[in-house]
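Novice: Read top to bottom, the protein sequences are chains A and B. By this note's numbering, the letter at position 184 of the first sequence is numbered 166, and the numbering carries on one by one without gaps. By this note's numbering, the letter at position 161 of the second sequence is numbered 143, and the numbering carries on one by one without gaps.
There are 2 protein chains.
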Amino acid sequence: MAGLTGVAEETVERISMYRVLLAGLLQAGIKSVFSHQLSTSAGVSAAQVRRDIMTLGYSGSPQHGYGVAELIESIDSFLDAPDGQNVVLVGVGNLGRAVANYFIGRRPKLRLVALFDVDPDKHGRVICGVRCHPQDRLTEVIRSENVSIAIVGVPAAAAQAVADACVAGGARGILNFAPVALRVPPGVYVENLDMARSLEKVAYFARKAGG
Amino acid sequence: MAGLTGVAEETVERISMYRVLLAGLLQAGIKSVFSHQLSTSAGVSAAQVRRDIMTLGYSGSPQHGYGVAELIESIDSFLDAPDGQNVVLVGVGNLGRAVANYFIGRRPKLRLVALFDVDPDKHGRVICGVRCHPQDRLTEVIRSENVSIAIVGVPAAAAQAVADACVAGGARGILNFAPVALRVPPGVYVENLDMARSLEKVAYFARKAGG
DNA sequence: CGCACACTGTGAACTCGTTCACACTCTATA
DNA sequence: TATAGAGTGTGAACGAGTTCACAGTGTGCG
């Protein structure tokens, strides 16, 4: 389900983080960085940074470190699909709107092309610049719009049906906010992002760590 | 920063997930489960389930498996603080409201006691049943209300300052939605939940996994 | 000119979470 | 009463990701 490419999930996450940091450096007019500088900004070890950059195939020099612009370019070609990827969001509640706002225009290579909701009041409306459709058109739209990624922000009880519909339309990746383990065929990647679970984890370690 | 207790983060997450599943079983009137049943619902291996339950100190029987009610009780005493823990939410945007709605009343042991925002229009208002305060009272309220956990839903640029204020007030755990690595003293646990990073990860693996 | 230094790239060692595999226990059946 | 079967508990093996440690390389300074 995961590292079919030989690249670890954690590595991809960190690379995504580096890109954000590097964008900030570029903005600030900084031309090059050393691994230990990225390391402290990212909160990981310097060796880790070098390893990650190694998986990109990019090389720095001991004298000037890594070129910021070149490294960003290298990350872009690693993370992004050349022609971008289409995304849909299912479930336009508070969470859905938050997610939509979060992404609009931020990642040009990830295009939010449609929203879905069960509420008829929302059908046809344009929210955050994207049209909302009835949820039963999910499979159809995913197929016709060539969508590869679905963000699932519906209640737990509905999540599996939504996931099935997404997969039926040809989606290859699901970002799942519902607190259930989705059942998908091999070749479909699911990332779970359960806030309640995360909060309980924080609560646990907040209690145990020195308190 | 993490497993100071000897218990892995992943284990705590799974235990939290089991509790949700078990609550459903209890609801359905099911009295006992076997590890392989939990395993398929949770999407992990049966051996994993048994290992996790072992860390709880609970024991089942080969004949009847695990008692649902007893196992829940065991998880409760593992995850929850006897007197509960107080939580604040900083940043009442779409995301903040989504989080607030998500939690209200769902976890009696985690009490959302205050909201904070920089927007003066929100000060004094009651949102999702909780009062919103000006953000500069953060440290003070965290201390006076004995808050141990802060949920940070502010923009990246403000997140470090918010985290500092939380730590100054005595918070021991932070659930961070901002896309930055927070700098906190040892003994404070930070969990990062960056949606953009997660989405990019899904995009990457959606592309690589068989497509 | 040559030495000391700082940083990268990377094989090897290590850590730690997961899986394996099996001894043990109890029930059901003949 | 003996036997087959199903499931738990757990030491040991495994494997993936991280860290270590050092060779390689170019710069700057004495």
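Even glycine gets a Cβ: it sits at the ideal position worked out from N, Cα and C.
1. Label Ser180 (chain A) either buried or exposed according to how many other C-beta atoms from any shown protein chain fall within 10 Å of its C-beta, with 16 as the threshold for buried.
2. Alpha carbon to alpha carbon, how far is Phe60 (chain A) from Arg32 (chain A)?
3. Could you check if Asp62 (chain B) is buried or exposed, using at least 16 other CB atoms within 10 Å of its CB as the buried criterion?
4. Cα separation between Leu4 (chain A) and Tyr171 (chain B)?
5. So the candidates are B:Ala163, B:Cys148, B:Leu175; which of them puts its Cα closest to the Cα of Asn68 (chain B)?
6. So what does DSSP say about Arg93 (chain A), is it helix, strand or coil?
7. Does the beta carbon of Met177 (chain A) come closer than 9 Å to any beta carbon on chain B?
8. If the cut is a Cβ gap below 7 Å, which residues of chain A does Thr(-13) (chain B) touch?
9. Taking the alpha carbon of Leu71 (chain B) as the reference point, which residue from B:Ala145, B:Pro167, B:Phe187, B:Lys190 has its own alpha carbon closest?
10. Please report whether the beta-carbon of Asn155 (chain B) lies at a distance below 9 Å from any beta-carbon of chain A.
11. Would you grab the beta carbon distance between Ala163 (chain B) and Gly25 (chain A) for me? Rounded to a whole angstrom, and I think it's under 8 Å.
12. Looking at chain A, is there any beta carbon in it that lies within less than 9 Å of the beta carbon of Ser17 (chain B)?
13. Let's see if you can read the secondary structure: which residues bound the alpha helix (DSSP H) around Arg189 (chain A)?
14. Take the Cβ of Glu55 (chain B) as the centre, count every other Cβ of all protein chains shown within 10 Å, and call the residue buried at 16 or more, exposed below.
15. Listed in chain order, which residues of the stretch 40 to 72 of chain B have Cβ atoms closer than 7 Å to some Cβ of chain A?
16. Between the C-alpha atoms of His115 (chain B) and Asp101 (chain B), what's the straight-line distance to the nearest angstrom?
17. Measuring alpha carbon to alpha carbon, tell me which of A:Ser14, A:Lys91, A:His46 ends up nearest Tyr186 (chain B).
18. Roughly how many whole angstroms lie between the Cα atoms of Gly78 (chain B) and His46 (chain B)?
19. Can you look up Thr(-13) (chain B) in the DSSP assignment and give me helix, strand or coil?
20. Counting only Cβ pairs nearer than 7 Å, list the residues of chain B close to Arg79 (chain A).
21. So which residues of chain B does Asn83 (chain A) contact, with C-beta pairs closer than 9 Å?
22. Does any CB atom of chain A fall closer than 9 Å to the CB of Ala163 (chain B)?
23. Would you verify that the beta carbon of Phe98 (chain B) is, or is not, closer than 9 Å to some beta carbon of chain A?
Specialist: Put simply:
1. buried
2. 16 Å
3. buried
4. 26 Å
5. B:Cys148
6. strand
7. yes
8. Lys190
9. B:Ala145
10. Checking the sequence, you will find Gly at residue 155 (chain B) rather than Asn. True, the Cβ-Cβ gap to chain A drops below 9 Å.
11. 4 Å
12. no
13. 177 to 190
14. exposed
15. Leu61, Ala63, Gln67
16. 9 Å
17. A:Lys91
18. 43 Å
19. coil
20. Asn76
21. Gly75, Asn76, Leu77
22. yes
23. no
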